[in-house]
Amino acid sequence: MSSNAKTTARKEEATTALVPKLRFPEFRGAALRSVRLGDVTEEGRRRNGKKHSVASVMGVTKADGIVPMEPRLIAADIERYKLVENDWFAYNPMRLNIGSIARWKGENEILVSPDYVVFRCITDDDWGIAPGYLDHFRQTKAWEDFVTDGGDGGVRVRIYYKDIARLQLELPSLPEQQKIAECLSSVDEMMAAQARKVDALKTHKKGLMQQLFPCEGETQPRLRFPEFLNTREWVEAPLGTLLMGSPDYGVNAAAVPFSGHLPKYLRITDISEDGRYLTEKQVSVDLDATDGNYLDEGDIVFARTGASVGKSYQYRMEDGRLVFAGFLIRVKPHPKKLVSTYLANFLTTGHFWKWVAVTSARSGQPGINSTEYSSLAVPLPPTLTEQQRIALCLSSLDALITAEIQKLEALKTRKKGLMQQLFPSLAEVEA
Numbered sequence: 014m015s016s017n018a019k020t021t022a023r024k025e026e027a028t029t030a031l032v033p034k035l036r037f038p039e040f041r042g043a044a045l046r047s048v049r050l051g052d053v054t055e056e057g058r059r060r061n062g063k064k065h066s067v068a069s070v071m072g073v074t075k076a077d078g079i080v081p082m083e084p085r086l087i088a089a090d091i092e093r094y095k096l097v098e099n100d101w102f103a104y105n106p107m108r109l110n111i112g113s114i115a116r117w118k119g120e121n122e123i124l125v126s127p128d129y130v131v132f133r134c135i136t137d138d139d140w141g142i143a144p145g146y147l148d149h150f151r152q153t154k155a156w157e158d159f160v161t162d163g164g165d166g167g168v169r170v171r172i173y174y175k176d177i178a179r180l181q182l183e184l185p186s187l188p189e190q191q192k193i194a195e196c197l198s199s200v201d202e203m204m205a206a207q208a209r210k211v212d213a214l215k216t217h218k219k220g221l222m223q224q225l226f227p228c229e230g231e232t233q234p235r236l237r238f239p240e241f242l243n244t245r246e247w248v249e250a251p252l253g254t255l256l257m258g259s260p261d262y263g264v265n266a267a268a269v270p271f272s273g274h275l276p277k278y279l280r281i282t283d284i285s286e287d288g289r290y291l292t293e294k295q296v297s298v299d300l301d302a303t304d305g306n307y308l309d310e311g312d313i314v315f316a317r318t319g320a321s322v323g324k325s326y327q328y329r330m331e332d333g334r335l336v337f338a339g340f341l342i343r344v345k346p347h348p349k350k351l352v353s354t355y356l357a358n359f360l361t362t363g364h365f366w367k368w369v370a371v372t373s374a375r376s377g378q379p380g381i382n383s384t385e386y387s388s389l390a391v392p393l394p395p396t397l398t399e400q401q402r403i404a405l406c407l408s409s410l411d412a413l414i415t416a417e418i419q420k421l422e423a424l425k426t427r428k429k430g431l432m433q434q435l436f437p438s439l440a441e442v443e444a
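When we follow my numbering, the leftmost residue of the sequence shown carries the number 14, and every step to the right adds one.
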């Protein structure tokens with residue numbers, strides 16, 4: 014269908030009684046129009062021919078949007094590659110259901126694989142769809158639900174333009190769409206700035222740790238606090254000699270749905286890459302299966318097998334009563350020999366992770382047992398006081414990072430709430 018034909022079809026559509034919960038004052042009372050995505054977009058079929066070189070070839074990822082394609086993935090002949098212009102959308106039909114779709118915001122044309130779907134928004138009259146509006150709409154639950162089941166309850170392996178063209182939309186006028194897009198984009202900009210702040214603090218901490226702990230092959234740190242400059246040199250000691258008792262394994266029990274009346278169950282998957290307890294999918298364990306394996310303040314657990322081997326978590330009382338699972342190993346730092354937070358920070362250094370890579374590779378399946386963890390050489394300052402000083406410094410930085418992460422999460426929550434109110438909900442109509 015041509016753009017002119019689509020415009021006529023749109024104007025014949027009836028207006029809808031459905032309205033968003035939140036509207037800008039100047040648009041209150043204005044009607045919305047019920048259309049299909051195919052009425053307000055058009056598939057792009059233009060081919061490259063000999064127009065552009067391989068330097069223009071791009072791919073689409075969920076995390077990074079449109080990015081340069083790896084040379085090894087580019088065909089020798091790119092004449093059939095599709096052209097993408099400014100504000101057009103592109104996606105791999107086999108990956109749309111995991112979010113790999115993006116809008117091209119650059120000024121120059123780019124190329125994508127001939128297997129990709131390319132389409133543009135029609136903005137020829139007041140009832141088209143603004144690219145910025147659609148860019149935000151594709152982050153809604155309504156979009157996610159549609160591309161997940163194709164709108165017919167069945168899981169789709171490939172999703173072509175003809176499939177997404179069926180998506181039902183309740184569209185405000187173009188000026189209102191643009192206002193919504195500008196509002197949400199301003200929140201995106203704040204989120205991006207906050208994310209950069211978090212990343213800068215993490216980079217600062219990483220650089221500081223590289224100086225506060227000895228680097229691999231060195232016995233002394235490059236930076237010491239002034240009060241410790243004239244004290245004895247650092248030494249190394251096996252982790253097992255710095256603990257209260259031997260490392261112990263968790264319980265081999267099945268998880269049960271989370272209940273406030275039962276202990277929380279800590280599994281490998283509940284530990285983030287940076288050592289935090291993840292609560293999004295928390296579960297419990299039956300009381301009769303705990304075997305007394307509750308974590309105490311300052312305990313540290315290690316992942317002992319699989320791709321997560323080496324990952325660690327330091328227990329904090331604010332995380333609630335936790336029982337640790339069998340694929341985790343617990344150690345209890347001796348309070349007169351090893352500061353728990355000092356050890357927890359050492360376990361994030363490149364020095365430690367190189368040790369993990371070497372130790373876990375000794376067998377076919379990546380894994381480190383309790384005896385091997387006990388042999389880990391821990392670099393130690395000559396006094397417990399210096400350990401505490403290092404731990405306090407890094408904990409203060411962690412607190413700052415956590416506070417900034419919370420600000421970022423608050424912005425994400427704010428945007429989610431705005432989107433729920435600025436876009437009409439089809440679920441409400443069907444209810």
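Yeah, the Cβ is synthetic: ideal placement off N, Cα and C, and Gly gets one too.
As the structure is a prediction and not an experimental result, all values here were calculated from the model.
Residue nearest to residue i in terms of C-alpha spacing, selected from the options
i, options, result
"Glu-157", "Ser-113, Leu-389, Lys-34 and Lys-210", "Ser-113"
"Asp-52", "Phe-271, Leu-86, Cys-134 and Asn-105", "Cys-134"
"Leu-356", "Lys-75, Glu-231 and Ser-408", "Ser-408"
"Thr-161", "Leu-147, Lys-425, Leu-180 and Asn-358", "Leu-180"
"Asn-110", "Arg-58, Phe-315, Asp-148 and Ile-177", "Ile-177"
"Asp-90", "Val-371, Arg-60, Lys-118 and Phe-340", "Arg-60"
"Val-125", "Ile-79, Arg-108 and Arg-85", "Ile-79"
"Ser-66", "Glu-56, Pro-84 and Gly-57", "Pro-84"
"Ile-381", "Glu-399, Ile-342, Arg-402 and Ile-403", "Ile-342"
"Ser-297", "Tyr-290, Thr-318 and Ala-267", "Ala-267"
"Glu-417", "Asn-121, Ala-68 and Met-204", "Met-204"
"Asp-100", "Asp-139, Ile-123 and Arg-108", "Ile-123"
"Leu-236", "Lys-154, Cys-406, Arg-289 and Lys-324", "Cys-406"
"Ala-44", "Glu-55, Arg-375 and Trp-140", "Trp-140"
Beta-bridge partners of residue i, as assigned by DSSP
i, result
"Ile-123", "Val-97"
"Ser-445", "No answer is possible for residue 445: the residues shown for the chain start at 14 and end at 444."
"Met-71", "Pro-81"
"Val-314", "Tyr-326 and Arg-343"
"Gly-380", "Thr-318"
"Thr-303", "Paired residues: none, contrary to the question."
"Ala-392", "Correcting the residue type first, residue 392 is Pro in the shown sequence and not Ala. Partner(s): Glu-249."
"Leu-182", "Val-48"
"Cys-196", "In DSSP, Cys-196 forms no bridge with anything."
"Ala-103", "Ala-115 and Val-131"
"Ala-338", "Val-264"
"Leu-7", "One cannot answer for residue 7 here, as it falls past the ends of the chain, which runs 14 to 444."
"Thr-54", "Cys-134"
"Tyr-290", "Ile-284"
With 16 other Cβ atoms within 10 Å as the buried cut-off, status of residue i
i, result
"Ala-143", "buried"
"Ser-353", "buried"
"Asn-265", "exposed"
"Leu-389", "buried"
"Gly-273", "exposed"
"Val-269", "exposed"
"Asp-309", "exposed"
"Val-369", "buried"
"Met-432", "buried"
"Glu-399", "buried"
"Thr-244", "exposed"
"Gly-220", "exposed"
"Thr-426", "exposed"
"Gln-385", "It should be noted that the sequence gives Glu, not Gln, for residue 385. The residue in question, Glu-385, is buried, as its Cβ has 16 or more Cβ neighbours within 10 Å."
"Arg-23", "The predicted position of Arg-23 is uncertain, since its pLDDT is 49 and thus under 50; no value can be drawn from it."
"Ala-115", "buried"
Beta-carbon proximity list for residue i, same chain, < 6 Å, skipping 5 on both sides
i, result
"Lys-64", "none"
"Pro-106", "Val-130, Arg-171, Ile-172 and Tyr-173"
"Lys-192", "Phe-37"
"Glu-189", "Phe-40"
"Val-344", "Leu-256, Pro-260 and Ile-313"
"Asp-301", "none"
Contacting residues, own chain, Cβ-Cβ under 7 Å from residue i (five flanking each side not counted)
i, result
"Gly-166", "Low confidence applies here, because Gly-166 scores a pLDDT of 49, under 50, leaving its location unreliable and the question unanswered by this model."
"Pro-227", "Gln-233, Pro-234, Trp-247 and Pro-392"
"Ala-201", "Here the sequence assigns Asp to residue 201, which means Ala is not the residue at that position. The answer is none, since no qualifying residue turns up."
"Asn-306", "Gly-263, Val-264, Val-336 and Phe-337"
"Gln-434", "Pro-33, Lys-34 and Leu-35"
"Ile-403", "Leu-225 and Tyr-355"
CB contact check: residue i to chain D, cutoff 7 Å
i, result
"Met-71", "The chain inventory of the structure shown lacks chain D, comprising one protein chain alone."
Sequence-distant residues of the same chain with beta carbon closer than 8 Å to residue i, five excluded per side
i, result
"Phe-359", "Phe-226, Phe-365, Val-391 and Pro-392"
"Pro-346", "Leu-255, Leu-256, Met-257, Gly-311, Ile-313, Val-352, Ser-353 and Leu-356"
"Ile-414", "Val-211, Leu-214, Lys-215 and Lys-218"
"Pro-127", "Arg-60, Arg-93, Tyr-94 and Lys-95"
"Phe-159", "Ile-177 and Leu-180"
"Ala-320", "Pro-379"
"Glu-229", "Gly-363, His-364 and Lys-367"
field: Inter-stretch contact (C-beta, 8 Å, three-pair minimum) for the region 270-287 and the region 324-338
entry: Contact between the region 270-287 and the region 324-338 is present: three or more C-beta pairs spanning the two stretches fall below 8 Å.
message: I want to know whether the region 385-393 touches the region 241-250 - three or more CB-CB distances under 8 Å.
response: yes
- request: May I ask you to verify whether the region 70-86 touches the region 145-155, counting CB pairs closer than 8 Å and requiring at least 3?
  value: no
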